[in-house]
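Here's the structure, in structure tokens; my notes come after.
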Amino acid sequence: EHKAARLALRPGRRRLSGKGGAREETDADQSERLLQEWMKKTGSRQCPKCKMGVTKQDLVRQKGQAAECHKMICRNCSTRFCFRCLKVLTATISCKCTPDEHGFLDPRTGRFVQHLRKGARA
Numbered sequence: 001e002h003k004a005a006r007l008a009l010r011p012g013r014r015r016l017s018g019k020g021g022a023r024e025e026t027d028a029d030q031s032e033r034l035l036q037e038w039m040k041k042t043g044s045r046q047c048p049k050c051k052m053g054v055t056k057q058d059l060v061r062q063k064g065q066a067a068e069c070h071k072m073i074c075r076n077c078s079t080r081f082c083f084r085c086l087k088v089l090t091a092t093i094s095c096k097c098t099p100d101e102h103g104f105l106d107p108r109t110g111r112f113v114q115h116l117r118k119g120a121r122a
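Okay, so the sequence shown: first residue is 1 according to full-length UniProt numbering, each after it adds one.
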């Protein structure tokens, strides 16, 4: 029995073709593809550390703002990062997508969290 024939009979797979030639798309491949399509459609991103899906409220209104804050704290792993460029932000590291004086809103408490320590440079 030929290997390709056995693969063709497996449930949860379909043929794909591309640069590397034909290959099988698994259920995991399809799930990842559908997740990426949904994230693009909704404007969602993934936390750079834990890969949890993250979105912002009222994205339509924010697109028209002259200066939008992109600083986020992941609800899952508490990583502080930039929603725009996905750079991990620390008390001494910034990315310049948002003014340094902007801080974070803690997703659990709703309280302001300072970003850069005094004297730190981005």
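Think of the CB as a built atom: it goes at the ideal place given N, C-alpha and C, for glycine as much as any other residue.
Please read these numbers as outputs of a predicted model, since none were measured by experiment.
Looking from the CA of LYS87, the closest CA among GLN46, MET39, LYS56 and VAL113 belongs to GLN46. Under the 10 Å beta carbon count, MET72 is surrounded by 16 or more other beta carbons and is classified as buried. For CYS85, the closest alpha carbon among the candidates THR109, LYS41 and SER94 is that of SER94. The segment 33-97 is shown to contain whole beta strand (DSSP E) runs of 3 or more residues at 71-73 and 80-82, in chain order. Burial check for CYS82: the Cβ neighbour count within 10 Å reaches 16 or more, so the residue is buried. Out of THR98, GLU37 and CYS74, the CA that lies nearest to the CA of THR55 is found in CYS74. For ARG80, the closest alpha carbon among the candidates ALA28, LYS41, GLY103 and GLU32 is that of GLY103.
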